[in-house]
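K.L.:
Keeping their order, the protein sequence lines are chains P and R. Counting from 1, position 304 in the first sequence corresponds to residue 303 in my numbering; the numbering is continuous, with no gaps. Counting from 1, position 32 in the second sequence corresponds to residue 31 in my numbering; the numbering is continuous, with no gaps. Heads up, the beta-carbon is just placed ideally off N, CA and C, and yes, glycines get one too.
2 protein chains.
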Amino acid sequence: MANLLIGIDVGGTNIKIGCFDAHLKLLKKTSITTDADTGPQAVVKKMLAAIGGLVKESGFNLSDISAAGIGTPGPADYKAGIITNPTNMPAFKNVPIRQMLSDGLHCSVVFDNDANVACFGEFTAGAGKGVNDMVFFTLGTGIGAGIVSEGKLLRGSGGNAAELGHTIIYPDGRLCNCGQKGCAEAYASASNTAKRAAEVLQTGEKSSLKKLLDKNGQITCKDVYDHLKTGDKLAKKITDETAKALAILCINALHATEPQRIVFAGGMIAAGDILLNRIKDYFNEQIWKLKKETVEICFATLGEDAGIIGAAALAKKIKQ
Amino acid sequence: MANLLIGIDVGGTNIKIGCFDAHLKLLKKTSITTDADTGPQAVVKKMLAAIGGLVKESGFNLSDISAAGIGTPGPADYKAGIITNPTNMPAFKNVPIRQMLSDGLHCSVVFDNDANVACFGEFTAGAGKGVNDMVFFTLGTGIGAGIVSEGKLLRGSGGNAAELGHTIIYPDGRLCNCGQKGCAEAYASASNTAKRAAEVLQTGEKSSLKKLLDKNGQITCKDVYDHLKTGDKLAKKITDETAKALAILCINALHATEPQRIVFAGGMIAAGDILLNRIKDYFNEQIWKLKKETVEICFATLGEDAGIIGAAALAKKIKQ
Chain P
0 MANLLIGIDV GGTNIKIGCF DAHLKLLKKT SITTDADTGP QAVVKKMLAA IGGLVKESGF
60 NLSDISAAGI GTPGPADYKA GIITNPTNMP AFKNVPIRQM LSDGLHCSVV FDNDANVACF
120 GEFTAGAGKG VNDMVFFTLG TGIGAGIVSE GKLLRGSGGN AAELGHTIIY PDGRLCNCGQ
180 KGCAEAYASA SNTAKRAAEV LQTGEKSSLK KLLDKNGQIT CKDVYDHLKT GDKLAKKITD
240 ETAKALAILC INALHATEPQ RIVFAGGMIA AGDILLNRIK DYFNEQIWKL KKETVEICFA
300 TLGEDAGIIG AAALAKKIKQ
Chain R
0 MANLLIGIDV GGTNIKIGCF DAHLKLLKKT SITTDADTGP QAVVKKMLAA IGGLVKESGF
60 NLSDISAAGI GTPGPADYKA GIITNPTNMP AFKNVPIRQM LSDGLHCSVV FDNDANVACF
120 GEFTAGAGKG VNDMVFFTLG TGIGAGIVSE GKLLRGSGGN AAELGHTIIY PDGRLCNCGQ
180 KGCAEAYASA SNTAKRAAEV LQTGEKSSLK KLLDKNGQIT CKDVYDHLKT GDKLAKKITD
240 ETAKALAILC INALHATEPQ RIVFAGGMIA AGDILLNRIK DYFNEQIWKL KKETVEICFA
300 TLGEDAGIIG AAALAKKIKQ
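(1) Measure the alpha-carbon distance for M0(R) versus G306(R) and round it to whole angstroms.
(2) What number of angstroms, rounded off, separates the C-alpha of D222(R) from the C-alpha of M267(R)?
(3) From the beta carbon of P95(R), is the nearest beta carbon of chain P less than 8 Å away?
(4) Between which two residues does the beta strand (DSSP E) holding D8(R) run?
(5) Using the Cβ count rule (16 or more neighbours within 10 Å means buried), how would you classify E284(P)?
(6) Is the beta carbon of M88(P) closer than 8 Å to that of A35(P)?
(7) Go ahead and label G271(R) buried or exposed: buried means 16 or more other beta carbons lie within 10 angstroms of its beta carbon, across all protein chains shown.
(8) Distance cutoff 8 Å, beta carbons only. Does S188(P) sit that close to anything in chain R?
(9) Using alpha carbons as the reference points, say which of V134(R), A193(R), K180(R) lies closest to T140(R).
(10) Just how far apart, CA to CA, sit T219(P) and K288(P)?
(11) Going by CA-CA distance only, name the one from Y186(P), F282(P), P39(P) that's closest to I247(P).
(12) Helix, strand or coil for I31(R) per DSSP?
(13) Any contact between the stretch 5-23 of chain R and the stretch 295-313 of chain R? By contact I mean 3 or more CB pairs, one from each, below 8 Å.
(14) Grab the span of the beta strand (DSSP E) containing K15(P) for me, first residue to last.
(15) Are the stretch 206-220 of chain P and the stretch 144-155 of chain P touching by the rule of at least three beta carbon pairs closer than 8 Å?
(16) So if I threshold CB-CB distances at 8 Å, which residues from the stretch 62-89 of chain P count as touching chain R?
(17) Compare the C-beta of G52(R) with all C-beta atoms of chain P and state if any pair is closer than 8 Å.
(18) Chain P partners of T256(R), CB-CB under 7 Å?
(19) Helix, strand or coil for N112(P) per DSSP?
(20) Can you name the residues of chain R whose CB is closer than 9 Å to the CB of H226(P)?
(21) State the start and end residues of the unbroken alpha helix (DSSP H) segment that holds R173(P).
(22) Between D102(R) and G145(P), what straight-line distance do the alpha-carbon atoms span, to the nearest angstrom?
(23) May I have the straight-line CA-CA distance separating L274(R) from A79(P), to the nearest angstrom?
(24) For L68(R), which residues does DSSP report across the bridge?
(25) Taking the straight line between their C-alpha atoms, what separation do you get for A234(R) and A264(R)?
(26) Within 10 Å of its beta-carbon, does G230(P) have 16 or more other beta-carbons around it, so buried, or fewer, so exposed?
(27) Rounded to the nearest angstrom, what separates S65(P) and K315(P) at their Cα positions?
(28) What does T293(R) pair with, by DSSP beta-bridge criteria?
(29) Less than 8 Å between the C-beta atoms of N112(P) and T166(P), yes or no?
(30) Take every Cβ of the stretch 16-23 of chain P, pair it with every Cβ of the stretch 46-62 of chain P, and state whether three or more of those distances are shorter than 8 Å.
(31) Where are the beta strand (DSSP E) runs, 3 residues long or more, that stay fully inside the stretch 244-279 of chain R, in chain order?
(32) Confirm, please, whether the CB-CB distance from G178(R) to V116(R) is below 8 Å.
(33) Please classify T256(P) as buried or exposed, where buried requires at least 16 other C-beta atoms within 10 Å of its C-beta.
(34) Output needed in chain order: residues of the stretch 165-181 of chain R with a Cβ under 8 Å from some Cβ in chain P.
(35) Name the residue from A67(P), R260(P), T202(P), I317(P) whose alpha carbon lies nearest to the alpha carbon of A299(P).
(36) Who are the Cβ neighbours of Y338(P) in its own chain at under 8 Å, not counting the five residues just before and after it?
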């Protein structure tokens, strides 16, 4: 037996799958559409077929798989192995995904939050290499997060720890999709950065972004950063607010679990140093003076592969 | 050898010491004045003498001590065992407290933050019994905190994790003693609850507290809660703000490490159910709706002994 490891990263649109050797070297990877509305049976069947294909292309058989890991958007009952009620996949109510995969692959399966899985990928093979304590934020539609403490993912009592995007930093502030007011996510995710810009534009504030909004009916976070680079004042104001909210998340994460490194991932980090430096500046300006803090704030390095690598790395741990 | 355990809880004013048997049963306890200005050598000497006395009164000798634990106010270099620069004890700069005690007692010594130690006391023998994941807040001059995750104190990369009182919940808000703006501590500690009341009184707002402030030159947190109970409107406003800040701390702690129980301790919990119920109400009103949360919010049960019990319980763990 070749002790292959399978890493699966489920998103609302696509499912990424990687086939790794026992040392976490990527042999083959693929991406299939999720088509969540076809229902859990059909989606799992398609996943198993894709895994079978990957393993075969790598020159092995299904029986060579030692363990698999899968990440899905939270919240779910990760301890019990059940997708309970995901926002973007209404057909997936109370689906015992861990058991279904385990039955299909005839191996142990580890199931975790998609952000935890990506966090563990970066921790194992990316921006978290060399440290024991790390916090991870992924900036997309929402803000996903993961915490590694003493080398282990911090999972909490029910597997839903590290939902740091839903910590409240502006009480009575913007309404978040989760139902709370003033979550960090409601300000600093990529979607909400774009949304805040659009809202200010609608009040009549002048900006080079206005033309874009009128033309496309919407603006993206990338638009905001593009116009920041050409000196637009509104874009600066909006991205400053985003960086400030992210810096507060960093300060609060430092005071919670004291990581050595804080890693940002997700679409928004394409903005580059202009974003990273503003987060660091605000962090340094606001952080307490009781002791000197040496936490490093940086960007992720694995890109879209973080999820499959993390899922496979978690699978590897089952066997250790 | 009787395998005695010694628990030491160092405060700015008093040092509490307990002598426990191997099963963490309290045999004898005492309290001595800290007199921090006499310097570390003198204070440690006094501590050792007090421990010697306790052990003797319990019918044993110093050689019967198996291990000791000590908690001091943070931040410090807990990993290295050194009190670095405590706010309330200027004479204690770079004091290798763990080594000094270990040399004096001829046993292993565990050294941790005072709030962590009290947290571990409640976790082991008080309000945290029966759970694996707990968050602890102590409401005094500041807000100390502790996190237990999967049955272990979460210490962070340098031993300064769980400084949740210094998480920012009102960006650009009240200046905290730590140098940050908008920390939870700057609103909801006992001292800052009293301070906020005094500040509003000075703007001329009417309240039954005014007479007290004029008479004593200051008001305490207890005064505020006393006047809340007799229906004073200002006292209600101030304590509502405190409860709201504490509820936000609870929400953020839940999303960070997902405890099953959140325990409040410290002088302010003498306010009783009027405080606890207001925290719970605000928590239930503000918490997300993505899933039902079952975390219990409650008060500590060990009172002033939490520190010595926790320190002894940590000492016991060294020997396991």
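P.N.:
Concretely, from the data shown:
(1) The alpha-carbon atoms of M0(R) and G306(R) are separated by roughly 25 Å.
(2) Approximately 11 Å between the Cα atoms of the pair.
(3) It does not: the Cβ of P95(R) has no partner Cβ on chain P nearer than 8 Å.
(4) The continuous beta strand (DSSP E) containing D8(R) extends over residues 3-9.
(5) With fewer than 16 other Cβ atoms within 10 Å, it is exposed.
(6) Taking the C-beta atoms as reference points, M88(P) is found nearer than 8 Å to A35(P).
(7) Exposed is the call here.
(8) No, no contact with chain R.
(9) Sorting V134(R), A193(R), K180(R) by C-alpha distance to the C-alpha of T140(R) places A193(R) at the top.
(10) In this structure, the CA atom of T219(P) is about 37 Å from the CA atom of K288(P).
(11) Selection Y186(P), F282(P), P39(P) evaluated against I247(P) yields F282(P) as nearest (Cα-Cα).
(12) I31(R): strand per DSSP, three-state reduction.
(13) Contact between the stretch 5-23 of chain R and the stretch 295-313 of chain R is present, because at least three Cβ pairs lie under 8 Å.
(14) Its beta strand (DSSP E) spans residues 13-19.
(15) Short answer: they don't touch.
(16) Interface annotation for the stretch 62-89 of chain P against chain R: P74, T83, N84, T86, criterion Cβ-Cβ distance under 8 Å.
(17) Contacts with chain P at 8 Å (Cβ-Cβ) do not include G52(R).
(18) Within chain P, the residues near T256(R) are L153, G155, A160.
(19) Look at N112(P) here: in three-state DSSP terms it is strand.
(20) Neighbours of H226(P) on chain R: none; closest Cβ ~25 Å, over 9 Å.
(21) Where R173(P) is concerned, there is no enclosing alpha helix (DSSP H), given that its DSSP letter is neither H nor E.
(22) Rounded to whole angstroms, D102(R) to G145(P) spans 41 Å at the Cα level.
(23) Distance between the alpha carbons of L274(R) and A79(P): 36 Å.
(24) Here residue 68(R) turns out to be Gly, not Leu, going by the sequence shown. When beta bridges are read from the DSSP output, G68(R) appears opposite G6(R), V109(R).
(25) Approximately 21 Å, taken between the alpha carbons.
(26) Under this definition G230(P) is an exposed residue.
(27) Separation of S65(P) and K315(P) (C-alpha to C-alpha, rounded to the nearest whole angstrom) is 8 Å.
(28) Secondary-structure assignment with DSSP links T293(R) through no beta bridge to anything.
(29) The answer is no: Cβ separation not under 8 Å.
(30) Yes: the two stretches touch, three or more of their Cβ pairs being nearer than 8 Å.
(31) DSSP assignment within the stretch 244-279 of chain R yields the following whole beta strand (DSSP E) runs of 3 residues or more, N-terminal first: 260-264.
(32) No.
(33) The residue in question, T256(P), is buried, as its Cβ has 16 or more Cβ neighbours within 10 Å.
(34) Under the 8 Å Cβ criterion, the stretch 165-181 of chain R contributes H165, T166, I167, I168, Y169, P170, C175, C177, G178, Q179, K180.
(35) With respect to the C-alpha of A299(P), the residue from A67(P), R260(P), T202(P), I317(P) having the closest C-alpha is R260(P).
(36) Any question about residue 338(P) goes unanswered here, given that chain P covers just 0 to 319.
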